[in-house]
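Asker:
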Amino acid sequence: MVESAIRPRGPYSLRLTSRTSVWRAPLPDGRWASAQQLRDGTVVVRASCDRAVDEARFVLALDDDTSEFHRRFARDPLLGPSVNGLRGLRPRRKATVAHAALRAVCGQLVQSGRAREIERAVIRACGEDAPTREALARLSPAALCACGLAASRAATLTRLVRTLNLESLKTAPPATALTRLRRERGVGPWSVGVIALQGLGRYDVGLVGDLALVKLLAALRGRWPELAETAELLEPYDEWQGLASVFLLAGFKRGLIPGASADRARLARARTGRAA
15 MVESAIRPRG PYSLRLTSRT SVWRAPLPDG RWASAQQLRD GTVVVRASCD RAVDEARFVL
75 ALDDDTSEFH RRFARDPLLG PSVNGLRGLR PRRKATVAHA ALRAVCGQLV QSGRAREIER
135 AVIRACGEDA PTREALARLS PAALCACGLA ASRAATLTRL VRTLNLESLK TAPPATALTR
195 LRRERGVGPW SVGVIALQGL GRYDVGLVGD LALVKLLAAL RGRWPELAET AELLEPYDEW
255 QGLASVFLLA GFKRGLIPGA SADRARLARA RTGRAA
């Protein structure tokens, strides 16, 4: 076992990021790591090896300085209360880009609870707690369908993990990585956002089309919006659209978005005849 005391760059809260005071996670190839934040802000990482420490640094976003984001948007009328109230929040990433792709495909047009059920079933089927591209590629489309994925999404995931070197996208030029993902059939803007945020560690790609952002717009405007309107919601946040998505979603859940009414969103949804 190895131990490393890491001083996060910029405002950082392990409790907000991992939703626990002591984080533990399996990593690829049997590696593992745990982390705890001390009162002085230092994060102590214990891991199976040095490589696992580096993986934990990425998963927990310890090396990303988000000070500029907090400075720019602390007084933003919509985002400001969340930026201030959730200071130190970072997105929870996946240890592999393949796992982020799995999450993206499972979550397409599916309620989050059901999406997580399907994701867990696929992880059990591939036999790795931190699924790699190779482990997922061994599953046939039929096996993925048996886990709950629709046939079209099973085909998309199979094609992604068998034909695209997903892990190499981390080191590819930023524009190249996004272009490569966007030309894949079955991978829309929301899926690209999930992979960029949770797999590549990027903050510039927003979660366009996220159902919770759609609900947020309904809560603000009193009508059920088009998916494309979520892109307009995120546009003012420029190269921070991905991180802004995280704060908007977390802030909405905690009642920190000014003028957002859950009752208004429910009424807007009811008028469209959509299920809750």
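According to our numbering, the sequence shown is numbered sequentially starting from 15. For each residue, glycine too, the CB sits at the ideal point set by N, CA and C.
Quick check: Val57 and Pro91, are their CB atoms within less than 8 Å of each other?
Answerer: no
Asker: Which residues in the same chain as Leu211 place their Cβ atom closer than 6 Å to its Cβ, once the five residues preceding and following it in sequence are excluded?
Answerer: Pro105, Gly256
Asker: Let me know the alpha helix (DSSP H) ranges lying completely inside the stretch 154-206, each 4 residues or longer, listed in chain order.
Answerer: 155-160, 165-177, 188-196
Asker: Just to confirm before moving on: does the CB-CB distance between Gly207 and Val228 stay below 8 Å?
Answerer: no
Asker: Suppose the cutoff is 8 Å on Cβ atoms and the five residues either side in sequence are ignored; what does the same chain contact list for Pro239 look like?
Answerer: Val228, Leu231, Ala232
Asker: Please list the terminal residues of the continuous beta strand (DSSP E) segment that includes Arg60.
Answerer: 57-61
Asker: Could you tell me how far apart the beta carbons of Leu171 and Leu150 are, in whole angstroms, since I believe they sit closer than 8 Å?
Answerer: 7 Å
Asker: Would you mind working out which of Glu249, Ala168, Pro272 sits nearest Ala157, comparing C-alpha positions?
Answerer: Taking Ala157 as reference, the option from Glu249, Ala168, Pro272 with the minimal CA-CA separation is Ala168.
Asker: Can Thr31 and Leu74 be called in contact, C-beta distance under 8 Å?
Answerer: The beta carbons of Thr31 and Leu74 sit closer together than 8 Å.
Asker: Determine, using beta carbons only, whether Ala115 and Leu180 come nearer to each other than 8 Å.
Answerer: yes
Asker: Tell me which residues share the same chain as Phe83 and place their Cβ nearer than 7 Å to its Cβ, disregarding the 5 neighbours each side in the sequence.
Answerer: The beta carbon of Phe83 is closer than 7 Å to those of Trp254, Leu257 in its chain, skipping five residues each way along the sequence.
Asker: Measure the C-alpha to C-alpha separation of Ala109 and Arg89 and round it to an integer number of angstroms.
Answerer: Roughly 33 Å between the two C-alpha positions.
Asker: Just to confirm the assignment: which complete alpha helix (DSSP H) runs, minimum length 4, are found wholly within the stretch 91-116?
Answerer: 94-99
Asker: Give a yes or no on whether the C-beta atoms belonging to Pro25 and Arg101 are separated by under 8 Å.
Answerer: Yes. Within cutoff.
Asker: Using a 10 Å radius around the Cβ and a threshold of 16 neighbouring Cβ atoms, would you call Pro145 buried or exposed?
Answerer: buried
Asker: How many Å lie between Leu241 and Asp224 at the Cα?
Answerer: 8 Å
Asker: Using a Cβ-Cβ cut-off of 6 Å (strictly less than) and excluding sequence neighbours within five positions of Gly220, which residues of its own chain qualify?
Answerer: Gly207, Leu248, Gln255, Gly256, Ser259
Asker: Are the CB atoms of Ala135 and Leu153 within a distance shorter than 8 Å?
Answerer: no
Asker: To test your reading of the DSSP string, which unbroken alpha helix (DSSP H) runs of 4 or more residues are found completely within the stretch 16-91?
Answerer: 28-32, 64-73, 81-87
Asker: What's the C-alpha gap between Arg128 and Ala186?
Answerer: 33 Å
Asker: For Ser27 and Arg280, what's the separation of their Cα atoms in angstroms?
Answerer: 32 Å
Asker: For Asp218, which of helix, strand or coil comes out of DSSP?
Answerer: Coil.
Asker: Below 6 Å CB to CB, which residues in the same chain sit around Gly265 once its five sequence neighbours on both sides are set aside?
Answerer: The residues are Ser96, Ile271.
Asker: So the alpha helix (DSSP H) Asp277 belongs to, where does it begin and stop?
Answerer: Its alpha helix (DSSP H) spans residues 276-286.
Asker: State the DSSP-derived secondary structure class of Pro239, mapped to helix, strand or coil.
Answerer: If DSSP states are grouped into helix, strand and coil, Pro239 belongs with coil.
Asker: Which residues bound the alpha helix (DSSP H) around Ile132?
Answerer: 126-140
Asker: Would you call the CB atoms of Leu214 and Leu174 closer than 8 Å?
Answerer: no
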